[in-house]
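Chemist: Under the numbering used here, the letters of the sequence shown match residues 1 to 412, in that order.
In this text, a Cβ means the ideal position worked out from N, Cα and C, and glycines have one as well.
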Amino acid sequence: MRFWRFLSNPRVTVKALIAGWSEQTKMAVRGRHVLAIQDTSEIPFETTADNRRGLGKVKKGNVHGVLLHAMMAVDAGSGICLGLVGGQVWTRQGKTKKPHRERSLSDKESERWLSTSAEAKETLAQAEMVTFISDRESDIYAHWARTPDEKAHLLVRAMHDHRLVAGGTLGEVVKRSQIADKATIELAGRANRRARKARVSLRFGSVELQRPRHGVEQNLPKGVTVYFVEIAETHTPKGVTPVRWLLLTTHPVETTADAWKIVAWYRQRWIIEQFFRLMKKQGLKIEDSQLQSADRLAKLTAIAARAAAIIIQLVQARDGGEDQLAAIAFTQDEIETLSALADELEGKTKLQKNPHRPHTLAWAAWIIAKLGGWTGYAKARPPGPITFHNGFAYFQSLHESWTTLKGAFKNV
Ligand SMILES: [Mn+2]
């Protein structure tokens, strides 16, 4: 009931909730090479012909819902999630009449790749270097022309066979370039693909992309120099689609080692897919929400996004990914609440004591897992995302009560 009132409060806007995503991230990225990974996910909600809940269409067919675009910061070396950076939550309204080419970029949904990157630069100001990573949808000339700067790089999977300033196309140059290396890589299982090993060849080189002839952005530079890295499967088992990734980046790729590093960074993109999966059917199940307005469903999505990012951080801390402070994910006030709960949750025996140094993320993960119903015994199965989710939801309600109580005493 209190949560419902919170979502109904007109002062709690989607914009304010999204602004809250990155409060801890700003600090967490300090001095690091950050992979700023962005992607969009469609979140369908059940509707009927008489009651669309104010939601526009998503996916194909008669499905309605909201769209979530999110950027997550990840440490390039360790793969540790440093929190959310920014994004958008929206629902589609009506039909667009102008043909795609005649609309300026800011009218199009594709504008989100550029605006999210531009806004991210402030949040990521303390990072040593930033590499913006995204899939083929974001292979937009304006993105190549505008997003990179002294500190910011771009790494995107190619969607188009770009025309080149020197004549010909990207695809032609890639085809002509020599194979630089061969290797066997592990492919993780996906919804449409089994986990398997793939024998691949590697090519790399550099090209100057030409500004497209059509479109309204004729004020952009006539060319942008990028490096390409191609991974192509050489011996594909029968009935399997061969893997081929053509990556483009502003990072200089001069050696085979450089090229493999680009591949490794791009592969970190899977974390954002894991993040979306965690919010949906396999995790927080936000599609099951019964809230009746698009506005509230958008707010719920924004709140669930922060929770999902924190859950990823807690799971990584559980696995001892890197020695992080709790402050990377929690506010100072929240850490005070965690401390107050810490003693309460520890059992009498040594086996039930929180084994982690206070105020580290692993310490916080132990507390949240206990709140989520985990026994805490070393022999128990390690807490999973759902346990962390339940624990985090419980923690948030305790934290809210605790904060209200402290406020009440202050006012006496
Ligand atoms: Mn995508």
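Could you pull the start and end residues of the alpha helix (DSSP H) that F330 belongs to?
Modeler: Run containing F330: none; DSSP gives neither H nor E here.
Chemist: Return yes when the C-beta of T40 is under 7 Å from any heavy atom of ligand 1, and no when it is not.
Modeler: Result yes, Cβ under 7 Å from ligand 1.
Chemist: Would you mind reading off the limits of the alpha helix (DSSP H) that contains Y266?
Modeler: Per DSSP, Y266 belongs to the alpha helix (DSSP H) from T256 to R267.
Chemist: Going by DSSP in three states, M159 sits in which element: helix, strand or coil?
Modeler: In this structure, M159 counts as coil in the three-state DSSP scheme.
Chemist: Would you report the Cα separation of P383 and S206, rounded to the nearest angstrom?
Modeler: Each residue's alpha carbon lies about 46 Å from the other.
Chemist: When the distance is taken between beta carbons, is A145 closer than 8 Å to F132?
Modeler: The answer is no: Cβ separation not under 8 Å.
Chemist: So the candidates are A307, T48 and W265; which of them puts its Cα closest to the Cα of H389?
Modeler: Ranking A307, T48 and W265 by Cα distance to H389 puts A307 first.
Chemist: Nearest CA to the CA of L114: which residue from R92, G86 and Q126?
Modeler: Taking only the C-alpha atoms, the option nearest L114 is G86.
Chemist: If contact is defined by three or more beta carbon pairs under 8 Å, each pair taking one atom from either stretch, is the stretch 34-48 in contact with the stretch 284-292?
Modeler: Taking 8 Å as the limit for Cβ pairs, the verdict is that the stretch 34-48 does touch the stretch 284-292.
Chemist: Using CA coordinates, which residue listed in F204, D161, L170 and K280 is at the minimum distance from Q178?
Modeler: When only C-alpha atoms are compared, the closest one is F204.
Chemist: Taking 8 Å as the cut-off, does the stretch 150-164 touch the stretch 67-87 (at least 3 CB pairs, one atom from each stretch)?
Modeler: The stretch 67-87, when compared against the stretch 150-164, does not touch it at the 8 Å Cβ threshold.
Chemist: I need the DSSP call for D139, collapsed to helix, strand or coil.
Modeler: Here D139 sits in coil by DSSP.
Chemist: Would you tell me roughly how many angstroms separate the C-alpha atoms of R318 and G376, rounded to the nearest one?
Modeler: Cα-Cα distance, rounded: 12 Å.
Chemist: Which residues bound the alpha helix (DSSP H) around Q274?
Modeler: That run of the alpha helix (DSSP H) goes W270 to M279.
Chemist: With a CB to CB cut of under 6 Å and the five nearest residues on each side skipped, what residues in its chain are close to H251?
Modeler: Counting only Cβ-Cβ distances below 6 Å, and skipping sequence neighbours, we find H153.
Chemist: At a cut-off of 7 Å, would you count D319 as near ligand 1, judging by its Cβ distance to the nearest heavy atom?
Modeler: No, ligand 1 has no heavy atom inside 7 Å of this Cβ.
Chemist: Between the C-alpha atoms of T255 and H33, what's the straight-line distance to the nearest angstrom?
Modeler: For T255 and H33, the distance between alpha carbons rounds to 20 Å.
Chemist: With DSSP as the reference, identify every bridge partner of M129, one or two as the case may be.
Modeler: Answer is H33.
Chemist: Would you say D135 touches ligand 1, meaning its beta carbon is less than 7 Å from a heavy atom?
Modeler: Checking every heavy atom of ligand 1 against the Cβ of D135, one is found closer than 7 Å.
Chemist: Does DSSP put R196 in a helix, in a strand, or in coil?
Modeler: R196 falls in the strand class under three-state DSSP.
Chemist: Below 7 Å CB to CB, which residues in the same chain sit around M72 once its five sequence neighbours on both sides are set aside?
Modeler: Correct list, in chain order: I37, C81, L84, V85, I271, I272, F275 and A309.
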